[in-house]
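S.K.: Next up is a structure, given as structure tokens.
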Amino acid sequence: MDWIARARALATEAHAGQVDKAGQPYIGHVGRVAARVRGDADAEVVAWLHDVVEDCPGFAAQVQAFPPAVQHAVQLLSRNTLADPDHYYVHIAADPLALKVKLADIADNADEDRLADLDTATAERLRVKYRHALAQLAALPGPPAPSIEH
Numbered sequence: 028m029d030w031i032a033r034a035r036a037l038a039t040e041a042h043a044g045q046v047d048k049a050g051q052p053y054i055g056h057v058g059r060v061a062a063r064v065r066g067d068a069d070a071e072v073v074a075w076l077h078d079v080v081e082d083c084p085g086f087a088a089q090v091q092a093f094p095p096a097v098q099h100a101v102q103l104l105s106r107n108t109l110a111d112p113d114h115y116y117v118h119i120a121a122d123p124l125a126l127k128v129k130l131a132d133i134a135d136n137a138d139e140d141r142l143a144d145l146d147t148a149t150a151e152r153l154r155v156k157y158r159h160a161l162a163q164l165a166a167l168p169g170p171p172a173p174s175i176e177h
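In this text, residue positions in the sequence shown follow my numbering: the first is 28, and each later residue adds one.
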């Protein structure tokens, strides 16, 4: 079964009509995250699905059709208002698949070319947010998190 194609199709349907902070189609972000982990099939599937549960809850049940490791990583990457935010990065760092996709997600979100399309205040708020995310991940066991340069 071609899990990557299925994940891409689900993400494309789920994110249809959504735009990012710069007004661009949101699926572009998801595709760039998937491209950053290309070569690792499981990570690419998770990358396509990484925002489906959190941003498109009506499609969350469809993620259950994917392999258990993919489901687990997607759940870890999906922020839950009931969960303790301090544990969000702890759980991600403990799962190599979720961690790989999260680092790719942060790299795309913190890309200076993308941030340049935003107003100064929003861009700086996001830089701070993603530096914090990388600091949280770097403080936990696992591979070192990359830095954000600007």
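For every residue, glycine included, the Cβ atom is placed at its ideal position computed from N, Cα and C.
On a Cα-Cα basis, can you pick out the residue from H56, A92, E81, R154 that is closest to M28?
M.R.: Position 1 of the sequence shown, counted from the first residue, corresponds to residue 28. For M28, the nearest C-alpha among the options comes from A92.
S.K.: Going by beta-carbon coordinates alone, are V80 and V57 separated by less than 8 Å?
M.R.: Taking the first residue of the sequence shown as position 1, residue 80 is located at position 53. Taking the first residue of the sequence shown as position 1, residue 57 is located at position 30. For V80 and V57, no; Cβs fall outside 8 Å.
S.K.: If you count every other CB in all the chains shown that lies within 10 Å of the CB of V46, and 16 or more means buried, which is it?
M.R.: Taking the sequence shown and counting its residues from 1, one reaches residue 46 at position 19. The residue in question, V46, is exposed, as its Cβ has fewer than 16 Cβ neighbours within 10 Å.
S.K.: Cβ of D82 within 8 Å of Cβ of L103?
M.R.: Taking the first residue of the sequence shown as 1, we reach residue 82 at position 55. Taking the first residue of the sequence shown as 1, we reach residue 103 at position 76. No.
S.K.: What does DSSP give as the partner residues of P112 in its beta bridges?
M.R.: Here residue 112 refers to the residue found at position 85 of the sequence shown. According to DSSP, which records beta bridges pairwise, P112 is partnered with nothing at all.
S.K.: Taking DSSP as the reference, what is the three-state secondary structure of V46?
M.R.: Here residue 46 corresponds to residue number 19 of the sequence shown, with the count starting at 1. Residue state, collapsed to three classes: strand.
S.K.: Is the beta carbon of D132 sitting closer than 8 Å to the one on V60?
M.R.: On the sequence shown, residue 132 is found 105 positions in, with the first residue counted as 1. On the sequence shown, residue 60 is found 33 positions in, with the first residue counted as 1. A contact, by the Cβ cut-off of 8 Å.
S.K.: Using the rule of at least 16 other Cβ atoms within 10 Å of the residue's Cβ for burial, across every protein chain shown, is D111 buried or exposed?
M.R.: Within the sequence shown, numbered from 1, the residue matching residue 111 stands at position 84. Exposed: under 16 other Cβ atoms inside 10 Å.
S.K.: Would you mind giving the Cβ-Cβ distance between Y116 and A160, rounded to the nearest angstrom? I have them listed as a contact below 8 Å.
M.R.: Counted from its first residue, the sequence shown places residue 116 at position 89. Counted from its first residue, the sequence shown places residue 160 at position 133. Correct: roughly 7 Å between the Cβ atoms.
S.K.: Between F124 and V90, is the Cβ-Cβ spacing less than 8 Å?
M.R.: For the purposes of this step, residue 124 is identified with residue 97 of the sequence shown, where counting begins at 1. For the purposes of this step, residue 90 is identified with residue 63 of the sequence shown, where counting begins at 1. Sequence check: residue 124 is Leu here, not Phe. No, the Cβ-Cβ distance between L124 and V90 is not below 8 Å.
S.K.: Leaving aside the five residues before and after A87 along the sequence, list all residues of the same chain whose C-beta is less than 6 Å from its C-beta, in chain order.
M.R.: Along the sequence shown, one-based indexing puts residue 87 at 60. Same-chain partners within the cutoff: V80.
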